[in-house]
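Participant:
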Amino acid sequence: MTTETVKVLRATFRDGRTKSIAFRVEQLNALKRLVVENAEMIMEALKSDLGKCKMESVLIELDLIENDINDAIKNVYNWSKPEYVHKTLLYKAMSCYIHKEPLGVVLIIGAWNYPIQLTLLPLIGAIVAGNCAIVKPSEVSPKTAEALEQLIPKYLDNDCYRVVVGGVTETTELLEQKFDKIFYTGSGNVGRIVMAAAAKHLTPVALELGGKSPTYVADDADLKVSANRIVWAKLLNCGQTCVAPDFIMCSKEIQEPLAEQLKETIEAFYGRVVADSPDYGKIVNERHFDRLEALLSDVDDIFFGGLRNKDERFFSPTILLNVKTDARCMQEEIFGPILPIIPVESEDEALEYVLSQPKPLSLYVFSNSGETIQKWRCATTSGMFAANDACLQGGLPTLPFGGVGASGMGTYHGKFSFDCFTHQKSCLEAPVRLVEGANHKMRYPPYSDKKLEWARWVISGKGGVCNIL
Ligand code: NAD
Numbered sequence: 519m520t521t522e523t524v525k526v527l528r529a530t531f532r533d534g535r536t537k538s539i540a541f542r543v544e545q546l547n548a549l550k551r552l553v554v555e556n557a558e559m560i561m562e563a564l565k566s567d568l569g570k571c572k573m574e575s576v577l578i579e580l581d582l583i584e585n586d587i588n589d590a591i592k593n594v595y596n597w598s599k600p601e602y603v604h605k606t607l608l609y610k611a612m613s614c615y616i617h618k619e620p621l622g623v624v625l626i627i628g629a630w631n632y633p634i635q636l637t638l639l640p641l642i643g644a645i646v647a648g649n650c651a652i653v654k655p656s657e658v659s660p661k662t663a664e665a666l667e668q669l670i671p672k673y674l675d676n677d678c679y680r681v682v683v684g685g686v687t688e689t690t691e692l693l694e695q696k697f698d699k700i701f702y703t704g705s706g707n708v709g710r711i712v713m714a715a716a717a718k719h720l721t722p723v724a725l726e727l728g729g730k731s732p733t734y735v736a737d738d739a740d741l742k743v744s745a746n747r748i749v750w751a752k753l754l755n756c757g758q759t760c761v762a763p764d765f766i767m768c769s770k771e772i773q774e775p776l777a778e779q780l781k782e783t784i785e786a787f788y789g790r791v792v793a794d795s796p797d798y799g800k801i802v803n804e805r806h807f808d809r810l811e812a813l814l815s816d817v818d819d820i821f822f823g824g825l826r827n828k829d830e831r832f833f834s835p836t837i838l839l840n841v842k843t844d845a846r847c848m849q850e851e852i853f854g855p856i857l858p859i860i861p862v863e864s865e866d867e868a869l870e871y872v873l874s875q876p877k878p879l880s881l882y883v884f885s886n887s888g889e890t891i892q893k894w895r896c897a898t899t900s901g902m903f904a905a906n907d908a909c910l911q912g913g914l915p916t917l918p919f920g921g922v923g924a925s926g927m928g929t930y931h932g933k934f935s936f937d938c939f940t941h942q943k944s945c946l947e948a949p950v951r952l953v954e955g956a957n958h959k960m961r962y963p964p965y966s967d968k969k970l971e972w973a974r975w976v977i978s979g980k981g982g983v984c985n986i987l
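Start counting the sequence shown at 519; every next residue gets the next number (this note's numbering).
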């Protein structure tokens with residue numbers, strides 16, 4: 519079945535349909551209509567899977583897709599046209615350029631926490647770059663997967679874009695196929711499985727993984743503003759956000775005042791009874807609920823929250839104080855509304871800890887000092903970095919979105935999505951007769967010291983770099 523699907527897409531890719539810019543624009547417009555015309559149905563699915571409120575569904579799922587499509591349509595001609603390069607003297611009479619070529623048939627494995635944008639944003643990249651694609655939505659958000667399975671065939675060209683739904687069995691079957699790129703969003707553990715499967719075919723991968731995104735709050739930070747931004751970022755989608763602040767490190771002196779501010783902010787944002795807030799989401803399923811509960815098993819200092827109701831998949835915002843780095847909640851990415859605070863003796867202790875851990879997807883620093891911000895930015899490595907805010911870096915399409923090291927490889931959003939699914943082919947077109955005399959003087963055997971001297975002078979660019987296109 520999967521083999522057949524890949525065969526159909528391969529045949530389509532070979533017939534060249536997806537290479538036409540007009541076709542790409544048509545399909546992108548169709549994808550936009552899919553999102554706009556079915557916004558209500560999609561929002562209902564998001565509500566059912568994750569308790570997602572309207573504001574988060576519109577801004578962080580639907581609008582993000584629509585804006586990315588508009589950007590892709592506006593720029594597809596520019597992004598796709600040949601890029602002529604600077605030339606040294608040797609190449610003066612030749613035409614040298616980068617031809618932007620689609621990779622072929624690609625596989626996109628989406629994630630469940632933002633199940634629309636994490637599936638469709640890579641698809642936009644695949645389409646705008648001229649590829650055929652198989653999309654595999656996550657089975658963990660079943661209603662949204664169902665919506666995509668129903669809608670994509672209605673709007674997009676079925677010979678070019680297909681949806682495969684299912685779980686581990688279906689993903690495993692897909693991974694046996696040969697693709698021209700695999701774009702995977704999810705955990706590092708499955709990321710390893712994806713990469714091992716891709717290696718068998720020498721298929722390139724983009725891995726959008728997770729991990730713990732640390733947050734350092736300096737003594738000079740504005741605690742009220744920091745609390746607003748940390749709470750907003752941490753509790754979006756009930757903490758199930760790959761770039762959410764995972765834990766906070768700060769000095770012992772500001773730990774309690776900061777925790778007080780966080781608590782006040784949570785109550786101001788979601789009310790005293792968070793369970794009644796229409797803006798607060800729910801945990802995606804029982805397995806993740808149990809996983810989060812287990813993270814609290816060795817905690818004896820719950821400063822705030824800790825309330826939960828498994829039937830409703832409700833897990834309240836939970837702040838933990840005096841957390842040690844060997845606590846259970848520090849051994850894996852939390853991916854839920856638990857926020858541990860680790861008191862440190864010094865900024866350097868916090869920095870050392872971060873440096874001793876796998877490279878995070880995002881790193882956050884809250885401080886009023888430019889020096890502190892620069893120190894953290896330059897001394898650490900992370901996929902993304904933000905100072906005095908969190909998560910927002912993921913919303914600007916001119917910034918690449920992606921991890922480094924354990925948090926992933928490859929970036930996307932905006933033009934980066936186009937690049938992610940594009941092969942940059944180096945092209946050189948030489949005139950037939952024009953330079954043949956010079957070739958005999960310095961390039962073709964029989965070689966001589968004189969020829970070597972000329973050739974080195976011309977190749978080194980000492981003969982001048984010219985910008986003639
Ligand atoms: P996951 O990695 O467990 O599963 C995702 C997909 O992999 C599903 O389609 C599933 O069918 C498939 N899968 C699971 N086990 C498999 C196996 N053994 N063989 C083959 N396929 C298998 O998803 P998850 O762990 O629930 O996702 C959460 C993680 O994803 C977090 O770490 C989070 O940070 C990360 N994430 C990252 C981003 C990002 O953009 N970087 C976005 C969202 C989530």
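We put the beta carbon where it would ideally sit given N, CA and C, even for glycine.
#1: Going by DSSP in three states, G982 sits in which element: helix, strand or coil?
#2: Straight-line CA distance for S575 to N631?
#3: What runs of the beta strand (DSSP E), each 3 residues or longer, lie entirely inside the segment 866 to 894?
#4: Whole-angstrom Cβ separation of Y702 and V723, contact assumed at under 8 Å?
#5: May I ask you to list the residues that DSSP assigns as paired with T703?
#6: Count the C-beta pairs between the segment 897 to 914 and the segment 687 to 696 that are closer than 8 Å, then say yes if the count reaches three, no if not.
#7: Can you tell which of G928, F939, T536, A905 has the C-alpha that lies nearest to the C-alpha of Y734?
#8: Could you tell me the distance, in whole angstroms, from the CA atom of L952 to the CA atom of I634?
#9: With DSSP collapsed to three states, give me the class of E1001.
#10: Would you mind listing the beta strand (DSSP E) stretches within the segment 665 to 713 that are 3+ residues and don't spill past its ends, in chain order?
#11: Suppose you measure from the CA of Y602 to the CA of T940; what does that come to, to the nearest Å?
#12: Grab me the residues of G923's own chain with a C-beta within less than 8 Å of its C-beta, minus the 5 sequence neighbours each way, in chain order.
#13: Identify the continuous beta strand (DSSP E) that holds E947 and give its terminal residues.
#14: On a Cα-Cα basis, can you pick out the residue from P949, K959, A973, F936 that is closest to K699?
#15: Please work out which residues of its chain come closer than 6 Å, Cβ to Cβ, to V976, disregarding the five sequence neighbours upstream and downstream, and give them in chain order.
#16: Out of M519, K610, C614, D586, which has the shortest C-alpha to C-alpha gap to P918?
#17: Quick one: what's got a C-beta closer than 8 Å to L639's C-beta in the same chain, skipping five residues either side?
#18: Let me check one thing: in DSSP terms, what residues is M902 bridge-paired to?
#19: With a 10 Å radius around its C-beta and 16 neighbouring C-beta atoms as the bar for buried, classify D764 as buried or exposed.
#20: Can you give the Cα-Cα distance for D675 and P858, rounded to whole angstroms?
#21: Among E830, H806, F833, M848, whose alpha-carbon lies nearest the alpha-carbon of M766?
#22: May I have the straight-line CA-CA distance separating D533 from K752, to the nearest angstrom?
#23: Check for me: the alpha helix (DSSP H) holding E774 runs from which residue to which?
#24: Can you give me the Cβ contacts of V524 inside the same chain, cut-off strictly under 8 Å, excluding the 5 residues immediately before and after it?
#25: Taking just the CA atoms, how far does E774 sit from I560?
#26: What does the Cβ neighbour count give for A563, buried or exposed, with the cut at 16 atoms within 10 Å?
#27: Does the segment 905 to 914 come within contact of the segment 704 to 716, defined as at least 3 CB pairs closer than 8 Å?
#28: Assign V470 to one of two classes, buried (16 or more other C-beta atoms within 10 Å of its C-beta) or exposed (fewer than that).
#29: Thinking C-alpha only, which one of D819, S613, V646 is nearest N588?
#30: Please return the same chain residues whose Cβ sits closer than 7 Å to the Cβ of G643, not counting the five positions on each side in sequence.
#31: Report whether the distance from the Cβ of I852 to the nearest heavy atom of the ligand NAD is below 7 Å.
#32: Name the two residues that bound the continuous alpha helix (DSSP H) containing A956.
#33: Just to confirm, is the Cβ distance from N649 to P620 under 8 Å?
#34: So, under 8 Å CB-CB, K781 and F832 are touching, yes? Tell me the CB distance rounded to an integer number of Å.
Facilitator: Let's see:
#1: For G982, the predicted model reports a pLDDT of 47, less than 50, meaning its position is unreliable; a value from the coordinates is still stated below. DSSP places G982 in coil when its eight states are reduced to three.
#2: 11 Å
#3: 880 to 884
#4: 7 Å
#5: E726
#6: no
#7: A905
#8: 55 Å
#9: As shown, the chain starts at 519 and ends at 987. That puts residue 1001 outside it, with no answer to give.
#10: 679 to 681, 699 to 703
#11: 17 Å
#12: P876, K877, T899
#13: 940 to 947
#14: F936
#15: L607, L608
#16: D586
#17: L582, I583, D586, Y930, H931, S935
#18: S880
#19: buried
#20: 47 Å
#21: Met is not the amino acid found at residue 766; the sequence shown has Ile there. The shortest C-alpha separation from I766 is found at M848.
#22: 47 Å
#23: 770 to 788
#24: V623, I652, Q695, K696, F697
#25: 41 Å
#26: buried
#27: no
#28: The question about residue 470 has no answer, for the chain in this structure spans 519 to 987.
#29: V646
#30: Y930, S935, F936, C938, F939
#31: no
#32: 954 to 960
#33: yes
#34: With 8 Å as the limit, K781 and F832 do not qualify as a contact, their Cβ atoms being about 18 Å apart.
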